Amino acid sequence: MSVDERDARDLQQFLEMENQKAVIQAAIGKLSEVCFEKCVVKPGNKLDATEASCISNCAGRYLDTSMFMMNRMVQKK
């Protein structure tokens with residue numbers, strides 16, 4: 567394998583990793599937005615126990631659903 571081929575492969579791997587990071591960051595942003603809007607009625611200095619529990623449950627359901635959908639898409643390929 568030549569240096570150019572190795573550099574091209576390394577660049578491709580780097581770009582794929584950066585793309586995965588961007589996808590994860592977007593998912594975290596969406597998760598935060600959805601769960602905050604659903605669970606926090608009146609923003610204050612800190613979350614009360616009900617809001618914290620709601621956000622935790624919301625995030626868990628969101629992640630479970632996302633993983634389920636990804637697995638289904640992979641199975642259909």
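The opening residue of the sequence shown carries number 567 in our numbering; numbering runs sequentially from there. Even for Gly, the Cβ is constructed at its ideal location relative to N, Cα and C. Predicted, not measured: the structure shown is a model, and the values here were computed from it.
Sequence-distant residues of the same chain with beta carbon closer than 7 Å to residue i, five excluded per side
i	result
Leu-597	Ala-625 and Tyr-628
Sequence-distant residues of the same chain with beta carbon closer than 6 Å to residue i, five excluded per side
i	result
Glu-617	Cys-605 and Val-606
Close-in-space but distant-in-sequence residues of the same chain around residue i (CB under 8 Å, 5 per side omitted)
i	result
Phe-602	Ile-621
Check whether residue i and residue j have beta carbons under 8 Å apart
i	j	result
Ala-593	Ser-632	yes
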